[in-house]
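First to last, the sequence lines map onto chains A and B. For the record, in the first sequence the residue sitting at position 165 is 177 according to this note's numbering, with numbers rising by one throughout. For the record, in the second sequence the residue sitting at position 48 is 162 according to this note's numbering, with numbers rising by one throughout. Just below is one structure, and these are the notes that go with it.
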Amino acid sequence: MPAPVVVQKASDHALLEETLAGDEDAFAELVSRYRNQITSYIYRMTNDYDGAVDLAQETFLRVYRAANRYQTTHAFSTYIYRIATNLAISELRKRKRRRLVSLTGLLSGGEGEELRDFDAPDERPLPDENLVDTEQRRVVKKAISTLPEKYRAPLVLRDVEGKSYDEIAAILQTSEGTVKSRINRARNFLRDKMRNYM
Amino acid sequence: MNANFCRDVRREIDQSELRQSLSAGSEAHLVSCAACKTFHDERLHLRALVGGLQPVTAPADFEMRLRARIARERVLPKQPFIFRVLMSTPAIVVTAVVVIVVAAIVFFSQRNRPQAPSLAGTNNQQTVQNPQPVVAREQMPEPTSTISPLKQDRDKPRQSPMIVRNAPKSNLPVNVLPPATDSTVGSAKSVHMIDRNGEVTLAAPLKPMVVTVYDEHGNTRKIQLPPISFGSQRLTNNRAQVSMTNTKDW
């Protein structure tokens, strides 16, 4: 009776090394491992699906371009999330600049004011549970999108992506204490914004 | 209730994993402290809401589009490093700043430089301060009478080409030529022919000057002018006969 074939999954580092050696399939494997995570993460950061897909592609493109400069001191997931975070934050800043030059941006003020002005559009209870869930999700998404970027990234990484504090600290290149403090503040912001749904 | 202990318990609640149980001390505290219990429930609900967001997936053609982008990047030639440096935003900003600084320096240096008095203004002042009698001015020679019109003609757009040949060269040294003045406004400087110490003699040309003139039809005219001595000799009275090679009246 033939022995069962054990297929060992190649590590991310090994796949990247094979990519560097010219193996296109290794890079395709890396993409298939992370494409949904990265797209979802950027989408939670930017609240724009098409933009998130575009930025996720740009993330993989940068990984591909800089494969020879990759250092194995950190996990590959930390590395790729860092690139995705930087791209998402750049996109958020671009949007902020665009909003600043627009007339509505001039009248509405900064992000802090946006937080204060945020209100759930409809406070009446909805009859159908599905509709309640949908409404809750919409409000949560909206509340996250109103968070300042320095609070948004750690909150999404922690509560949506389920990353550990030290991993978040490595992704954001800051200390664990700062990460914990920012997550705490982000949750307080969210609690204030979603008080009607708590 | 100890406020410090409440703070520690809340910190533990905040930093714990979603399904992780708290320490025994914290669990006991939650039973007795309603505020911390409320905080605990709120936090759990909030994290469940945020964590309950449905993950989005990448589109089906994600990999194909990514491959296309990589292939497109390979095909496009990368611009040289120096071009990327020169066309970068900082380089453009630095260039703009340098241009502005240079323009400002030139502007202020021109503005602060003392202005040279204008010729007309100077001549007017001279006229007022040293009025010359009309008779005396008529007797004064016009040293640029034979040269200046030709020079002026050269500067003007010509209607018919005129070439002057065999013109005797002036014996005047270049560095002692009198400065050009506006003869219509002020009087010309007097020229002395007497040799004295420290003065320059302005000798008249020895040979007669022959001027050959070509008109636009190719006809040639020669004009012979006697030597001119600056001073009392009049040009029109002593003019030599003009030799003409065509039948036209001169």
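All C-beta atoms, glycine included, are put in the ideal place defined by N, C-alpha and C.
Given a cut-off of 8 angstroms, decide if R203 of chain A and L160 of chain B are closer than it, judged by their beta-carbon atoms. Going by C-beta atoms, L160 of chain B is nearer than 8 angstroms to R203 of chain A.
I'd like to check one pair, K175 of chain A with L167 of chain A: are the Cβ atoms closer than 8 angstroms? no
Let me know the secondary structure DSSP gives L339 of chain B once reduced to three states. strand
H143 of chain B: which of B:N118, B:I196 and B:A162 sits nearest, CA to CA? B:N118
With distances taken from CA atoms, which of B:A218, B:V216 and B:L167 is nearest Y53 of chain A? Minimum Cα distance to Y53 of chain A is reached at B:L167.
Cα separation between E141 of chain B and A96 of chain A? Answer to the nearest angstrom: the Cα atoms are 39 angstroms apart.
Expressed to the nearest angstrom, what Euclidean distance is found between the alpha-carbon atoms of E252 of chain B and P322 of chain B? For E252 of chain B, the predicted structure reports a pLDDT of 42, less than 50, and the residue's modelled location is therefore unreliable. A value from the coordinates is still provided. Looking at the backbone, the Cα of E252 of chain B and that of P322 of chain B are separated by about 25 angstroms.
M178 of chain B lies in the beta strand (DSSP E); which residues open and close that run? That residue, M178 of chain B, is in no beta strand (DSSP E); its alpha helix (DSSP H) goes F176 to V189.
If we call anything under 8 angstroms between Cβ atoms a contact, is L27 of chain A one with E36 of chain A? no
Within 10 Å of its beta-carbon, does M206 of chain A have 16 or more other beta-carbons around it, so buried, or fewer, so exposed? buried
Could you check what DSSP says for M206 of chain A in three-state terms: helix, strand or coil? In this structure, DSSP gives M206 of chain A a state outside helix and strand, which the three-state scheme calls coil.
I want to see whether chain A comes within less than 8 angstroms of P204 of chain B, judged by CB atoms only; does it? No, no contact with chain A.
Whether or not the stretch 157 to 164 of chain A and the stretch 145 to 158 of chain B are in contact is what I'm after, with contact meaning three or more pairs of Cβ atoms, one per stretch, closer than 8 angstroms; do they touch? no
For the beta strand (DSSP E) that contains V325 of chain B, what are its first and last residues? Counting along the chain, the beta strand (DSSP E) containing V325 of chain B begins and ends at M323 to Y328.
Go ahead and label M178 of chain B buried or exposed: buried means 16 or more other beta carbons lie within 10 angstroms of its beta carbon, across all protein chains shown. Here M178 of chain B is exposed. Its C-beta has fewer than 16 other C-beta atoms within 10 Å.
Pairwise C-alpha distance: G63 of chain A and L32 of chain A: 28 angstroms
Partners in chain B for Q148 of chain A, counting only beta-carbon separations shorter than 9 angstroms: L163 and G166
T71 of chain A burial status per 10 Å Cβ neighbour count (16 or more: buried): buried
Taking the C-alpha atoms as reference points, what is the distance between N200 of chain A and C120 of chain B? 17 angstroms
T334 of chain B - DSSP class collapsed to helix/strand/coil: strand
If you count every other CB in all the chains shown that lies within 10 Å of the CB of M57 of chain A, and 16 or more means buried, which is it? buried
Looking only at its own chain, which residues have a Cβ that is under 7 angstroms from the Cβ of Y46 of chain A, when we skip the five neighbours before and after it? I92
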